[in-house]
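>
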Amino acid sequence: MWRFARIFCASVVGLLFVWGFINLHNAAPADWEHFVERIQLVPALLGSVSGVAWALVILVLLLALTLVFGRVYCSFLCPLGIAQDIVIRLRRITDRLRGKKPTGPGRRYAPPVPYVRYVVLTLVIVSSLFLGAVVLAWLDPYSIAGRFLSGIVNPLAAELTNAAVGEQVTAPAWGRYGWLLLLVGGMFLLPLILAWWRGRLYCNTLCPVGALLGILSRRPLMRIGMDPNGCVRCAACVRACKAQCIDLKTYRVDTSRCINCYDCISACEHGLRPHLVNPFRSPGSEFSPAPPKRDTREKMPADNSRRAFMGLLAAGLPVVAASPAIAAGSEEGEGNTALATSPPGSVGVSRFLSHCTGCGLCITACPTHVLQPSTLQYGFSGFLKPYLDFTKGFCNFDCTACSSVCPVGAILPISRSEKQRTQIALASFHSERCIVHCHQTECGACTEHCPTKALSTFEGKVPSCKADVCIACNACVEVCPQHAISLVSDGKEGMHATIDRAKCIACGKCARVCPSGAMTSKRLLVPILDEKLCIGCGACSYACPVRPERAMQITPRSRHLTAEVLREKPAENPVSTDDFPF
-4 MWRFARIFCA
6 SVVGLLFVWG
16 FINLHNAAPA
26 DWEHFVERIQ
36 LVPALLGSVS
46 GVAWALVILV
56 LLLALTLVFG
66 RVYCSFLCPL
76 GIAQDIVIRL
86 RRITDRLRGK
96 KPTGPGRRYA
106 PPVPYVRYVV
116 LTLVIVSSLF
126 LGAVVLAWLD
136 PYSIAGRFLS
146 GIVNPLAAEL
156 TNAAVGEQVT
166 APAWGRYGWL
176 LLLVGGMFLL
186 PLILAWWRGR
196 LYCNTLCPVG
206 ALLGILSRRP
216 LMRIGMDPNG
226 CVRCAACVRA
236 CKAQCIDLKT
246 YRVDTSRCIN
256 CYDCISACEH
266 GLRPHLVNPF
276 RSPGSEFSPA
286 PPKRDTREKM
296 PADNSRRAFM
306 GLLAAGLPVV
316 AASPAIAAGS
326 EEGEGNTALA
336 TSPPGSVGVS
346 RFLSHCTGCG
356 LCITACPTHV
366 LQPSTLQYGF
376 SGFLKPYLDF
386 TKGFCNFDCT
396 ACSSVCPVGA
406 ILPISRSEKQ
416 RTQIALASFH
426 SERCIVHCHQ
436 TECGACTEHC
446 PTKALSTFEG
456 KVPSCKADVC
466 IACNACVEVC
476 PQHAISLVSD
486 GKEGMHATID
496 RAKCIACGKC
506 ARVCPSGAMT
516 SKRLLVPILD
526 EKLCIGCGAC
536 SYACPVRPER
546 AMQITPRSRH
556 LTAEVLREKP
566 AENPVSTDDF
576 PF
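Residue numbers for the sequence shown follow the working numbering, so the first one is -4 and each next one is one higher.
1) Excluding the 5 residues preceding and the 5 following V160 in the sequence, name in chain order all residues of the same chain whose CB lies nearer than 6 angstroms to its CB.
2) Output needed for G610: all residues of its chain with C-beta closer than 7 angstroms, excluding positions within five of it in sequence on either side, in chain order.
3) Would you list, in sequence order, the uninterrupted beta strand (DSSP E) runs of no fewer than 3 residues that lie entirely inside the segment 67 to 124?
4) Which value, in whole angstroms, describes the spacing of the CA atoms of A230 and G94?
5) What are the boundary residues of the beta strand (DSSP E) that includes Y137?
6) Which of helix, strand or coil does DSSP assign to E326?
7) Please state the DSSP three-state secondary structure of Y257.
8) Along the chain, where does the alpha helix (DSSP H) that runs through K504 open and close?
9) If you check the beta carbons only, do C401 and C361 fall under 8 angstroms apart?
10) Would you kindly work out how many angstroms separate the C-alpha atoms of L118 and D495, rounded to a whole number?
11) Apply the 10 Å Cβ neighbour rule to A166 and answer buried if 16 or more other Cβ atoms are within range, or exposed otherwise.
12) Alpha carbon to alpha carbon, how far is T515 from A405? Give it in angstroms, no decimals.
13) Distance, Cα to Cα, F3 vs G9?
14) Assuming the contact rule is C-beta atoms closer than 8 angstroms, M217 and L267 should be a hit. Round their C-beta distance to whole Å, please.
15) Give the C-beta separation of P540 and L450 to the nearest angstrom, bearing in mind that I take them to be a contact with Cβ-Cβ under 8 angstroms.
16) Start and end of the beta strand (DSSP E) containing M490?
17) CA-CA distance, V204 and V115?
18) Taking buried to mean at least 16 other C-beta atoms within 10 Å of its own C-beta, is G99 buried or exposed?
19) Between which two residues does the beta strand (DSSP E) carrying I53 extend?
20) Can you have a look at F183 and say buried or exposed, based on whether 16 or more other CB atoms are within 10 angstroms of its CB?
21) What are the boundary residues of the beta strand (DSSP E) that G194 is part of?
22) Quick one: measure Cβ to Cβ for T352 and A128, integer angstroms, because I've assumed they're closer than 8 angstroms.
23) Mind checking H434: buried by the 16 CB within 10 Å criterion, or exposed?
24) Just reading off the beta strand (DSSP E) that Y537 is part of, what are its end residues?
25) Answer with buried or exposed for S598, where buried requires no fewer than 16 other C-beta atoms within 10 angstroms of its C-beta.
26) Where DSSP assigns a beta bridge to C460, which residues make up the other side?
27) So if DSSP puts P551 in a beta bridge, which residue, or which two residues, is it bridged to?
28) When the Cα of R554 is compared with those of P458, D384, V344, which residue comes out closest?
29) With which residues is H270 paired in a DSSP beta bridge?
30) Reducing DSSP to helix, strand and coil, say where R33 ends up.
31) With distance defined between alpha-carbon atoms, name the residue in V13, G46, L208, F347 nearest to A59.
32) Going by beta-carbon coordinates alone, are V637 and A492 separated by less than 8 angstroms?
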C-alpha cells in the first residue's frame, strides 16, 4: 500500500509537471496546470522570502510533512527525484532481462558521508549572500528539471505534434537556449547517470534540498524501522533500497538519507515496517531487544557538529532573506540602468536575480518569445535566467503570463492595468538611423505599434544637401538652431555642408536660407518620443525596419518605475448662438 501510494502520487505529479512546461501554445496555463511547480520546496522557500502568502503556507506544509514522515518530498513531489526513480527502475528491469544478479555498489549499505552535503548546503547559503540564487539554480532539482523540459522537451513535443497533425501547429523553439542546451542537458543527465550507477547518490550528496530535508528528517514521527526479532537478514530490503541507508549489522535505517520510497517494505516479508515512534526517545529503542553496539567506524556525525551547522543555517537564512533588500538599497544611488531587462512584476533586476532560479517556466509561457535564457546579459549571477530580448520579440501590452506562472516569487503577480504602467525599460530614438531622416521616406512603424502613445509624429521638414551644388557659403551653418550642420571637405568637390542626423530636428530653416538650392527639405512625418509615457515594452524596436542597429533602442531599467498615462482631453460640445445650428 505504501509503495503504491508513492507511485500513484509521483505519477500524477510527474505528468502535471511535464504538462505545465510543454505549453505548446505559449499561453498562461490554468491554475491546476502549474500547481505542481508551486509545491516544490525551493520555489516555496523563495516565494516565502518574497512575501507570497500561498508560498509560506506550502513551505510550512512541506516542512511539517518532513518532520512527521521524513523525506517524502524526495519521492512523492520532486520532479528530478521522480526521474531518478524511473531510471533506477529501468536499470533493475535491464538487469533482470540480462539475468544479472542484484549485486554491485548500488545494492548494499553505504556508510553516511554527511559532511559532503553539509558543505554543499553551506556553499549555497553563503553564495546567496553575494551572487543571488546562481549556485542554487545550478543544484536545485526543480530548476534542473524545469530547464530540461523548457529547452529540450518543449520543442521536441512541438516537433512531434507538428508531425502527427501534418502541419506546423506551433514553431519548435530549439534556438531558445542555443549552445546552452548542452549544459542544460548535462545538468539533467548527471543525476540520472548517478542514479543508474548508485541510486539516489545525487540526492544525498550534491542536492541542497536533500541536505536540508536530511537535517529535518533525522527524527520523524513516522519512520521505517527494523525488528531484530523478525528479521532473518535476507538482505532483500538492502538490495531494494535506493538510498543505501539500511544497515543490517545494526538493524538501523538512516532516516536522514531515507527518501521514503517504500521499496524496502514491499521487498521485505519479515521485520521491516513503518511505525510511529517517540521522537525524543533514544535511537534504537523502538524495538526490543536493543540492537548491538554500532561499529565506531560507521557512527553518525556528532550532535555537536549538527548543532553547529544548524546554528549556521539559522544565522544565514535571515541574511539571505534580507540580501535582496540590501542589494536594492545599494542601487539607489546609482543610475537606473541595467545590463538586461527583467520581466514586469520583478520590481527590479537585483531582486529578480536574488530570487529567480532559472527554471524556464515563464519562458515557455511567453507568447511573443521575448523572454529568453541569458548567458552573460545580466552578468555571472544571472546565468540561465530569463531576460527580455527585444530582437526576438516584444512584451505584449495586455499579457501577464510570466507573472501568473512564476512559482518562486521572482516575478510577482501583477494585474493588467499595473503592468501597462510599469516602466521596465526606456526607449530612445536615434534619428541618425531612422529611414525618415536618412532616406527621406515615410515609415511610422514605431508609432503605429507603440501601445502607450509615447511615440507620436509631427510634420517636419527633413533636409538633405547636394554636395555638388553647395557653395559652402556657411548660411545654413549659422541659421541651424541645433548646430547640426557643418562644413567638411571630401577632397573632390571641395567644401560642402553635411547634416548630423542625430541633432537635426527637421525645422527646415537651412533650406530656406540656402542661396544655391543645394539644401532642400521634404515634408515628412517625423517620430517624437515622450519618455514619461514609455514603458519599454520593445514594440517600437521590434517593428523598426532598420538593420542591423535599429533606430529605436531599448535601455533596461535596474529598478522598475511607473509611467504616466496619456490622458486625452474630452471633445467639447459645439456652442452656437443660432436657433438651428444644423
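Beta carbons are placed, not taken as given, at the ideal position from N, Cα and C, and that holds for glycine.
Checking against the coordinates, here is how it stands:
1) If you ignore the 5 residues before and after V160, its C-beta comes within less than 6 angstroms of no other C-beta in its own chain.
2) This structure gives no information on residue 610, because the portion of the chain shown stretches from -4 to 577.
3) With a minimum length of 3 residues, no continuous beta strand (DSSP E) run stays inside the segment 67 to 124.
4) 19 angstroms
5) Premise fails: Y137 lies in the alpha helix (DSSP H), 136 to 143, not in any beta strand (DSSP E).
6) Here E326 scores only 44 on pLDDT, less than 50, and its place in the model should not be relied on; the value that follows carries that caveat. In this structure, E326 counts as coil in the three-state DSSP scheme.
7) If DSSP states are grouped into helix, strand and coil, Y257 belongs with coil.
8) 504 to 508
9) no
10) 54 angstroms
11) Of the other Cβ atoms in all chains shown, fewer than 16 fall within 10 Å of the Cβ of A166; this residue is therefore exposed.
12) Approximately 54 angstroms between the Cα atoms of the pair.
13) 10 angstroms
14) About 14 angstroms separates the two Cβ atoms, so there is no contact after all.
15) About 15 angstroms; that fails the 8 angstroms criterion.
16) 490 to 494
17) 10 angstroms
18) exposed
19) I53 -> not in any beta strand (DSSP E); alpha helix (DSSP H) instead, spanning 48 to 64.
20) Residue environment analysis places F183 among the buried positions, since at least 16 neighbouring C-beta atoms fall within 10 angstroms of its C-beta.
21) Element bounds for G194: n/a, residue is neither H nor E.
22) 5 angstroms
23) exposed
24) Unbroken run through Y537 is the alpha helix (DSSP H), 534 to 538; no beta strand (DSSP E).
25) The requested residue 598 is not part of the displayed model; the chain covers only -4 to 577.
26) M514
27) A420
28) V344
29) R218
30) helix
31) Considering only alpha carbons, the answer is L208.
32) Limits of the chain in this structure are -4 at one end and 577 at the other, which puts residue 637 out of reach.
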